[in-house]
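Beneath this line is the structure, given in structure tokens, with notes to follow.
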Amino acid sequence: MSSNPDNNPAVVASELSKCFRVFNKPSDHLKEIFAFGYRQFHTPFWAVQDVSFEVDQGGCLGIIGENGSGKSTLLRIIAGVIRATSGAVHVHGRVSALLELGAGFNPEFTGRDNVFLNASILGFSDQQTRERMSSIERFAEIREFIDRPVKTYSTGMFVRLAFSVAIHMDPDILIIDEALSVGDYFFQQRCMRKIHELKGRGVTILFVSHDLEAVRSLADETIWMERGAMRARGKTDEVVASYLAEMMTRGSIDTLGESPVGEPLQASDELELPSAVIDRIPQFIETLPNVDQRHGNRKAMIRGIGVYSSEGTQIASASQGDRVCVRISLECLEDVSQPNVGFMLRNRLGEDVTGTNTLFEGTPMEPSLAGSRLSVDFVMDLPFLQAGFYYFSPAVADGTLDQYEMCDWVDNACAVEVVGRSVTYGHMRIPVKAHTRVVDKGEVRTPSDE
Amino acid sequence: MTLRDLTFFLRRLTANRNLLRNLVLRDLKHRYVGSVGGLVWSIVHPIVLLISYYFVFTVIFGMRFDPEQIGTDNFAIYVFSGFLPWLMFSDTVMRSCTSMTDNANLITKTVLPSEILPIAITIANLVHHLIGLVILLGVLAMFETVTLNVVWVVIYLAVLIVFAQGLGWLVSSLNVFFRDTSQVLNVLMIFWFWFTPILYSPELVPERFRLIVALNPMATVVVGYRSAFLNLSPPVAEHMIILAAWTTATFLLGALFFRRSKTAFADVL
Numbered sequence: 008m009s010s011n012p013d014n015n016p017a018v019v020a021s022e023l024s025k026c027f028r029v030f031n032k033p034s035d036h037l038k039e040i041f042a043f044g045y046r047q048f049h050t051p052f053w054a055v056q057d058v059s060f061e062v063d064q065g066g067c068l069g070i071i072g073e074n075g076s077g078k079s080t081l082l083r084i085i086a087g088v089i090r091a092t093s094g095a096v097h098v099h100g101r102v103s104a105l106l107e108l109g110a111g112f113n114p115e116f117t118g119r120d121n122v123f124l125n126a127s128i129l130g131f132s133d134q135q136t137r138e139r140m141s142s143i144e145r146f147a148e149i150r151e152f153i154d155r156p157v158k159t160y161s162t163g164m165f166v167r168l169a170f171s172v173a174i175h176m177d178p179d180i181l182i183i184d185e186a187l188s189v190g191d192y193f194f195q196q197r198c199m200r201k202i203h204e205l206k207g208r209g210v211t212i213l214f215v216s217h218d219l220e221a222v223r224s225l226a227d228e229t230i231w232m233e234r235g236a237m238r239a240r241g242k243t244d245e246v247v248a249s250y251l252a253e254m255m256t257r258g259s260i261d262t263l264g265e266s267p268v269g270e271p272l273q274a275s276d277e278l279e280l281p282s283a284v285i286d287r288i289p290q291f292i293e294t295l296p297n298v299d300q301r302h303g304n305r306k307a308m309i310r311g312i313g314v315y316s317s318e319g320t321q322i323a324s325a326s327q328g329d330r331v332c333v334r335i336s337l338e339c340l341e342d343v344s345q346p347n348v349g350f351m352l353r354n355r356l357g358e359d360v361t362g363t364n365t366l367f368e369g370t371p372m373e374p375s376l377a378g379s380r381l382s383v384d385f386v387m388d389l390p391f392l393q394a395g396f397y398y399f400s401p402a403v404a405d406g407t408l409d410q411y412e413m414c415d416w417v418d419n420a421c422a423v424e425v426v427g428r429s430v431t432y433g434h435m436r437i438p439v440k441a442h443t444r445v446v447d448k449g450e451v452r453t454p455s456d457e
Numbered sequence: 046m047t048l049r050d051l052t053f054f055l056r057r058l059t060a061n062r063n064l065l066r067n068l069v070l071r072d073l074k075h076r077y078v079g080s081v082g083g084l085v086w087s088i089v090h091p092i093v094l095l096i097s098y099y100f101v102f103t104v105i106f107g108m109r110f111d112p113e114q115i116g117t118d119n120f121a122i123y124v125f126s127g128f129l130p131w132l133m134f135s136d137t138v139m140r141s142c143t144s145m146t147d148n149a150n151l152i153t154k155t156v157l158p159s160e161i162l163p164i165a166i167t168i169a170n171l172v173h174h175l176i177g178l179v180i181l182l183g184v185l186a187m188f189e190t191v192t193l194n195v196v197w198v199v200i201y202l203a204v205l206i207v208f209a210q211g212l213g214w215l216v217s218s219l220n221v222f223f224r225d226t227s228q229v230l231n232v233l234m235i236f237w238f239w240f241t242p243i244l245y246s247p248e249l250v251p252e253r254f255r256l257i258v259a260l261n262p263m264a265t266v267v268v269g270y271r272s273a274f275l276n277l278s279p280p281v282a283e284h285m286i287i288l289a290a291w292t293t294a295t296f297l298l299g300a301l302f303f304r305r306s307k308t309a310f311a312d313v314l
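Line by line, the protein sequences are chains A and B. Residues are numbered in the numbering used here as their position in the first sequence, beginning at 1, plus a constant of 7. Residues are numbered in the numbering used here as their position in the second sequence, beginning at 1, plus a constant of 45.
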């Protein structure tokens, strides 16, 4: 994970298991503790089973999985709040943990009191905390609320303060559980920047998130938890892709939109290429330049993809604003009753830029029999994207926008370099007309007016 | 529990002294959260008690005792000197009892050495207790004489602290599993108060009930306090031995019980 091989791992978890003993009443719990193993009063529930991993110093481990898959329990064990039933955790360095919704804050006390108490739990002296206080306040942006009881805080303020405290405790290891899903967008962005900064400084980070984009941009390695067990562990891109794949086949994530049939953004015939141009493009493309990841039930398979210019020549780079045609060719290996072909365009960081599919654009396809071979064209004007490499991930599914089975999804099959004529601020430039109007002219002041 | 355990415990306590300090300060503040007077109330409170005792026992009931027997001709002072250790004891145990459940957020969200919570309560109560003792000494200096015997109170106080601490650990961990513990304790404390010679002198207890006084560790502590402040004869040796036995047993039981059950706190809370 870390490029430095002689680093000692910061966190080593070996064969961790946590069995929550489910008791009918708390007193049964006590009885069992003092039965010294002679009698059982519980029904076992294995929240975490046999999980092993290492995180190098300065590394970042993402943990993904559905609700109730044991992610939080795992983090709580590593943070040392609860004890594993079996297995061992070795942690080297100071751990600062932000578990679920906010640290151990007492609602009756002011934010400031809570900061001091939390810092002293981590072994900070009051002097050390005082030195950090203004920085903590500044990051949390809660102004005068710092001296009001925590019970008067909004959820956002609560999380902001908790996060601010966690990152100011000079952690060697920072553990963050889902905390960033609360709070406003701008704060989330700020947190992500801060986490990136800490990572750059060599802080080891373990975090749970449902935000796969965040995981992708931050984690070197990712664990996929499923029903308490480690379903997969490996390079983030691979694990996230196979997780997404599974979620999509199950249809529990709806990335393609909400309405069963979509509408095109502009009902125009403008986005057409002359038939002479179309004829120049191979009818059926049989090259997949790259396959990062592939998933689906394989009822239909993507056979090729190509990006073509408005002249019908295959291109590897395009200028901002150019009209291009993306042709995706596929073959049905079984009957597909509601085929839907589409793509996702991602940037270099793996962030989704845009995506669409035939159904979404209001052009549903006919049912296709096994053995049929199809090509689908997407003609579009490239947005004024920031210059750089972009990747098309083609996919074919069977079903509606709401409910479908993924037949084949090919991650980052084909790259296009967007070359810039124009500077872009942010992800892209969009067509904008600026108008200026002088409302009040003001007065010309000269020094001699005196 | 070996000596190694004890040194480990003490080392952990020193490592966490700033946490302990913050918890104690928080406790002292919490009792008067939102009040303007703050700590002044812990001075006012015992004084009001003392005046009330004087009003009820001396003015209303007109109780007069032989100073030879109770060490003072002011029954209010007699009651007060016995009531102070009881207050320290019952307050520590009662508030320790709910300390785990009250601080569930700390136990489930942070890596807190939970045994420190009852310790913080004991120390906070000790502060209040010392204020009470200073007031008692002031009153004695004004109306009676203070002898060197007073220094013996340090011993009784030390025993009281150890006893209350052990019991505090025991009930606080019990309360995690049985939330009724604090209610049961409430009722128990009422009995315990009236079976302890605070509002009466142990000599008034009929012969056949004397065993209860002998076995009651708090009775010995109360008698001890009075012997120190009012220059009375100290508790008899047998009672002191029983007190020592109670204290050692309670402390060990509480500490071991707490240590064994605390790993489950975060799971249960």
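Every residue, glycine too, gets a C-beta built ideally from N, C-alpha and C. Since this is a predicted model, take the numbers as computed values, not measurements.
Residue range 118 to 128 is occupied by the alpha helix (DSSP H) that includes A126(A). By a beta-carbon distance limit of 8 Å, E228(A) contacts L68(A). Their separation comes to about 5 Å.
By DSSP's assignment, P112(B) forms no beta bridge with any residue.
Put simply, the CB of V69(B) is far from chain A, with every gap to its CB atoms at 9 Å or more. For M140(A), the uninterrupted alpha helix (DSSP H) run begins and ends at 133 to 147, by DSSP.
Around the beta carbon of A104(A), 16 or more other beta carbons sit within 10 angstroms, so the residue counts as buried.
With the rule of 3 Cβ pairs closer than 8 Å, the region 299 to 310 of chain A counts as touching the region 413 to 420 of chain A. With respect to chain B, the C-beta atom of D120(A) has a partner C-beta closer than 9 Å.
For the 9 Å CB-CB criterion, V221(B) and L314(B) form a contact. Interface annotation, I168(B): not in contact with chain A, CB-CB separation never under 9 Å.
Burial state of I243(B) is buried, judged by a 10 Å Cβ sphere holding 16 or more other Cβ atoms. Contact between the region 148 to 158 of chain B and the region 279 to 298 of chain B is not established, with fewer than three Cβ pairs separated by less than 8 Å. In this structure, the CA atom of G269(B) is about 11 Å from the CA atom of V204(B). The beta-carbon of R137(A) is placed no less than 9 Å from the nearest beta-carbon of chain B.
Approximately 18 Å separates the beta-carbon atoms of E293(A) and G319(A); this is outside 8 Å, ruling out the contact. Residues of chain B whose Cβ lies closer than 7 Å to the Cβ of I40(A) are, in chain order, R305, S306, A309.
Shown here for S336(A): same chain residues with a beta carbon closer than 6 Å to its own, the five before and five after excluded, namely F291, I292, R310, G311, S382 in chain order. The DSSP-derived three-state label of S246(B) is coil. In the same chain as V88(A), and ignoring 5 residues on each side of it, the C-beta atoms closer than 8 Å to its own belong to A104, L106, in chain order.
Non-local beta-carbon contacts of V284(A) in its own chain, meaning distances under 6 Å to residues more than five positions away in sequence, involve G319 in chain order. When Cβ-Cβ separations below 9 Å define contact, L84(B) makes no contact with chain A. Membership of Y99(B) in any alpha helix (DSSP H) is not indicated, and neither H nor E is assigned to it by DSSP.
For A422(A), the enclosing beta strand (DSSP E) stretches over residues 421 to 426. P247(B) is positioned such that its CB atom lies no closer than 9 Å to that of F208(B). If you check each beta-carbon in the region 48 to 61 of chain A against every beta-carbon of chain B, none falls closer than 7 Å.
When the Cα atoms are used, D63(A) and G395(A) turn out to be separated by approximately 31 Å. By the 16-neighbour rule on beta-carbons within 10 angstroms, P374(A) is exposed. The alpha-carbon of L82(A) is positioned some 15 Å away from that of F27(A). Here E22(A) is near S59(A), since their CB atoms are less than 9 Å apart.
The continuous beta strand (DSSP E) containing Q56(A) extends over residues 50 to 63. Taking I200(B) as the centre and dropping the five residues before and after it, the same chain places the C-beta of G269 closer than 8 Å to its C-beta, in chain order. Here I335(A) carries a strand assignment [DSSP, helix/strand/coil].
For W237(B), there is no enclosing beta strand (DSSP E); the residue is found in the alpha helix (DSSP H) stretching over 226 to 239. Here the alpha carbon of L275(B) sits roughly 10 Å from the alpha carbon of P112(B).
Interface flag for V250(B) against chain A is unset, since no Cβ pair is found closer than 9 Å. Within the DSSP bridge table, the entry for V215(A) names I70(A), D184(A) as partners.
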